[in-house]
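Asks: My questions will all concern the structure given below.
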Amino acid sequence: DDEGEDDRLLEILKRYGYQPSDDKGQDTRSYTTATNELKKVAGYQSKHRKNAYAVLRRGIIEGCQRISSLIENHPEFIQFGDFIIDSNGTAVRDVIL
1 DDEGEDDRLL EILKRYGYQP SDDKGQDTRS YTTATNELKK VAGYQSKHRK NAYAVLRRGI
61 IEGCQRISSL IENHPEFIQF GDFIIDSNGT AVRDVIL
């Protein structure tokens, strides 16, 4: 229902710093503008959340960011070089491209 959604939107707006003004006319305009913008953003997110390509792309981006942060914070855990063995049977730590 619209009334319940308006209450929910008002709570979200207050969380992000929306302050109702003393001038009720101004308050109504700013609230209406803010809720309309919030509805546009929510609609955009909802529409794109269902797009399989966008979900996959976002997952890849977030996965790469997570791996990068893990590598940066714990380089000792990267074992790629341990799997490259030279002719003597020793692990090669240098990667040659």
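The sequence shown begins at 1 in the UniProt record's numbering and counts up one residue at a time. Ideal Cβ positions, reconstructed from N, Cα and C, are used throughout, including at glycine.
1. So Asn-13 and Leu-38 are in contact, right, with Cβ under 8 Å, and what is the actual spacing, rounded?
2. Counting only the same chain and skipping the five closest in sequence on each side, list residues whose C-beta sits under 6 Å from that of Ser-87.
3. Could you pull the start and end residues of the alpha helix (DSSP H) that Ser-69 belongs to?
4. Quick check on Ile-85: does DSSP put it in helix, strand or coil?
Replies: This is what the structure gives:
1. Rather than Asn, the amino acid found at residue 13 in this sequence is Leu. So it is a contact: roughly 7 Å between Cβ atoms.
2. none
3. 52-73
4. strand
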